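Positions in the sequence shown are counted from 1; adding 17 to them yields my numbering. For each residue, glycine too, the CB sits at the ideal point set by N, CA and C. Keep in mind the model is a prediction, meaning the values are calculated, not measured.
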Amino acid sequence: MIGTRGLLLGGLVTVLGLAVAIHVWPTAPPPATFPPPLFPPASDQPITPIPGALDLDPRLVALGRRLFHDKRLSRDDTVACASCHDLELAGGDARETAMGVDGQMGTLNSPTVFNSAFSFRQFWDGRAATLEEQAEGPVHNPIEMATDWAQVMAKLRGDAGYVAEFSALWPDGIQPAHIQRAIAEFERSLITPDSPFDRYLRGDANALAADALRGWDLFRNLGCVACHQGVNMGGNMYATLGVMGNYFAERGGALQKSDLGRFNVTGREEDRHVFKVPTLRNVARTAPYFHDGSIATLDKAVDVMARNQLGVRLAEEERWALVAFLRAQNGRLPLIAP
Ligand code: HEC
Ligand code: HEC
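Pasting the structure below:
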């Protein structure tokens, strides 16, 4: 009896659920609140494969793709998000540091936007909690897009296509929060599954060549994995740059404010030169390296890391193997054109 009632109740809930789903889709506006960063299910593995696809709202992804490539998001219509996060350059710009409106150069390297959905915070110093929150930064940054929402919205509201698209999604039409929401959803579509290493993690013993396998061994045994871990091989913790060495003395040149890292956010002494550990996904495609873009090659980046983070001087063969392992992090690239 109870079983039957349970079944009936279950059936009713399902029917109601379906009715709600059918009723709501596709006319309801996306939720007003920003979704939290994505975390894969807990795992006892230090690194987990990138999932094949995420459950995204295709309407937002399409709108976000347009906005991401739209130069009207900058003061003089010369710079789009894609200018510094080029999908054909693995989501970066291949420059040491970023170039914004009027050719102004920043002091930080443009990180890739690929797989940024999996990072616990955004920016080198982690000052943005979500991709939505992050998207506001470059618009206002005087050496990036150098504009403000009032200006951007005035331009976009003059575009009948955008007016129609936003109004179809949200009753209040074009708003900064909706722009941020759409761009962030598009960024969530920029994931790169199926790297050789992910195939290896999924059980394909032949996915890694011998040198990359040796590199994976070193990556764990030397301790790289203590910081570069999780689904993004990074992006889930902060660490000091130069635990075992003095990176900045080695680099030379004047110390920039941006070299202070997370100290700029918290003002705490222990956060001096602390950075979000960057992802190593597709890292062979995103030279130059480090927050200051000062390291040109992956060979050198691996050496600098081993010395400054672990106090280890790598033998030639070890560096070779680690680089082979990092090359095996190249995943399937997202669609460039819609
Ligand atoms: C002028 C070049 C430039 C433009 C334009 C630009 N960015 Fe960036 N982006 C950067 C730089 C440099 C950083 C690192 C800044 C920092 O950490 O303080 C960054 C960081 C990010 C990050 C964080 C990635 C991570 O791993 O921490 C995301 C996401 C991102 N940008 C998305 C965007 C979006 C969306 C736009 C357009 C609204 C945009 N960017 C416009 C240069 C640019
Ligand atoms: C104590 C934590 C820690 C350890 C251990 C560590 N890293 Fe890093 N790694 C970082 C941080 C933090 C950065 C970013 C530094 C910066 O740009 O200022 C980084 C950056 C990198 C970069 C450059 C990424 C980019 O996109 O610019 C590479 C490559 C790298 N690490 C590889 C390794 C390898 C290989 C090992 C082991 C030999 C290793 N790391 C060990 C914390 C660590």
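{"Check": "Tryptophan 141 beta carbon near ligand 2 (any heavy atom closer than 8 Å)", "Outcome": "yes"}
{"Check": "Nearest to phenylalanine 307 (by Cα), restricted to the options Leu173, Ala111, Cys98", "Outcome": "Ala111"}
{"Check": "Alanine 79 and phenylalanine 203 closer than 9 Å at C-beta", "Outcome": "yes"}
{"Check": "Bridge partner(s) assigned by DSSP for glutamine 197", "Outcome": "DSSP, once it has assigned bridges, lists no residue as partnering glutamine 197."}
{"Check": "Test item: CB-CB of threonine 147 and phenylalanine 51 under 9 Å", "Outcome": "yes"}
{"Check": "Span of the alpha helix (DSSP H) around tyrosine 306", "Outcome": "It is not in any alpha helix (DSSP H) - tyrosine 306 carries neither H nor E in the DSSP assignment."}
{"Check": "Assigned exposure category for aspartate 165 - 16 Cβ within 10 Å defines buried", "Outcome": "exposed"}
{"Check": "Euclidean distance between Cα positions of glycine 278 and threonine 65", "Outcome": "27 Å"}
{"Check": "Length of the line joining the Cα atoms of glycine 269 and aspartate 276", "Outcome": "12 Å"}
{"Check": "Cβ-based burial, valine 260 [other Cβ within 10 Å; buried from 16]", "Outcome": "exposed"}
{"Check": "8 Å contact criterion, which aspartate 309 and asparagine 158 should meet: CB distance rounded", "Outcome": "Contact flag wrong, Cβ pair sits at about 17 Å."}
{"Check": "Threonine 283 - containing alpha helix (DSSP H), residue span", "Outcome": "280 to 283"}
{"Check": "Continuous alpha helix (DSSP H) assignments of at least 4 residues falling wholly in the region 211 to 267", "Outcome": "213 to 218, 227 to 235"}
{"Check": "Ligand 1 heavy atom lying under 8 Å from the CB of proline 362", "Outcome": "The structure shown does not extend to residue 362, since the chain is modelled only from 18 to 355, so the question has no answer here."}
{"Check": "Pair within 9 Å by beta-carbon distance, alanine 345 and alanine 229", "Outcome": "yes"}
{"Check": "Contacts around proline 63, its chain only, beta-carbon distance under 6 Å, and the 5 residues preceding and following it disregarded", "Outcome": "Val242, Gln246"}
{"Check": "Run of the beta strand (DSSP E) containing phenylalanine 51, from where it starts to where it stops", "Outcome": "Per DSSP, phenylalanine 51 belongs to no beta strand (DSSP E) and is neither H nor E."}
{"Check": "Alpha-carbon spacing of leucine 352 relative to leucine 207, whole angstroms", "Outcome": "8 Å"}
{"Check": "Cutoff 8 Å; reference alanine 99; Cβ partners in own chain excluding five residues on either side", "Outcome": "Phe85, His86"}
{"Check": "CB of alanine 177 within 9 Å of CB of arginine 76, strictly", "Outcome": "no"}
{"Check": "Proximity test, valine 359 beta-carbon vs ligand 1 heavy atom, cut-off 8 Å", "Outcome": "The structure shown does not extend to residue 359, since the chain spans only 18 to 355, so no value can be given for it."}
{"Check": "Option in Ala181, Lys172, Asn249 with minimal Cα separation from asparagine 347", "Outcome": "Asn249"}
{"Check": "Where the beta strand (DSSP E) through lysine 293 begins and ends", "Outcome": "291 to 293"}
{"Check": "Close-in-space but distant-in-sequence residues of the same chain around aspartate 93 (CB under 7 Å, 5 per side omitted)", "Outcome": "Val118"}
{"Check": "Heavy atom of ligand 2 within 8 Å of proline 282 beta-carbon", "Outcome": "The question names proline, but residue 282 in the sequence shown is valine. Because no heavy atom of ligand 2 lies under 8 Å away, the Cβ of valine 282 does not count as near it: no."}
{"Check": "Reference tryptophan 316; option with closest CA among Leu327, Thr124, Val300", "Outcome": "At residue 316 the sequence reads aspartate, which differs from the tryptophan that was named. Nearest option by C-alpha distance: Val300."}
{"Check": "Which listed residue (Arg298, Gln273, Asn223) has its alpha carbon closest to that of arginine 289", "Outcome": "Gln273"}
{"Check": "Bridge partner(s) assigned by DSSP for glycine 120", "Outcome": "Glycine 120 is not bridged to any residue."}
{"Check": "Reduced DSSP secondary structure (H/G/I, E/B, other) of aspartate 276", "Outcome": "helix"}
{"Check": "Cβ-Cβ separation, leucine 90 to methionine 162 (assumed contact under 8 Å), whole Å", "Outcome": "6 Å"}
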